[in-house]
Amino acid sequence: MTFVLLITAPHTHSNAWHAYYFAETALRQGHSLHLFFYSDGVRVANRLNYYPQGEQNLAECWQTLKQQYALSLSVCITASLKHGLSDVDNSHRHHLLGDNLHPAFELVGLGTLTDVMLQSDRLISFIGA
33 MTFVLLITAP
43 HTHSNAWHAY
53 YFAETALRQG
63 HSLHLFFYSD
73 GVRVANRLNY
83 YPQGEQNLAE
93 CWQTLKQQYA
103 LSLSVCITAS
113 LKHGLSDVDN
123 SHRHHLLGDN
133 LHPAFELVGL
143 GTLTDVMLQS
153 DRLISFIGA
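The working numbering puts the first residue of the sequence shown at 33, with every later residue one more than the last.
This is the structure we're talking about:
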């Protein structure tokens, strides 16, 4: 089965971790996944996030999963810019002072979400409300 995980919970919310654990379990069971970070969920992709000693770094966990299963970690570009998150290209385009996108993640448009939804069996959202 192919799932789309729509993650809108910020990295500080328990549902962001539930999304990660669901993804890890589904992949181990042989399912396919498309990941899309949207709204507050884009915050996980900020490479400047600080995690105190002893606290797990969710972005690094996603990066490990990406490497193990050849996943794409797709982050909504519009939501990212609204949250002060940018890659090098968009920093130049929008005259921002710098970039802070974690290298494991990629900025994409909402069209990407639409495309993967059409290729998938189920959409599961992890919200931060």
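Note that beta-carbon positions come from the ideal geometry of N, C-alpha and C, so glycine has one too.
Excluding its 5 nearest sequence neighbours in each direction, T34 has C-beta neighbours in its own chain below 6 Å: S64, S152, D153, listed in chain order. Per DSSP, the unbroken alpha helix (DSSP H) holding H124 starts and ends at 120 to 125. With contacts defined by Cβ atoms closer than 9 Å, F158 and T40 form a contacting pair. When DSSP states are grouped into helix, strand and coil, N47 belongs to the helix group.
With respect to the 9 Å criterion, S123 and V74 are not classified as neighbours on the basis of their beta carbons. Ranked by Cα distance from V107, the first of G130, R60, L145, G62 is L145. Excluding its 5 nearest sequence neighbours in each direction, L103 has C-beta neighbours in its own chain below 7 Å: L65, L67, L97, listed in chain order.
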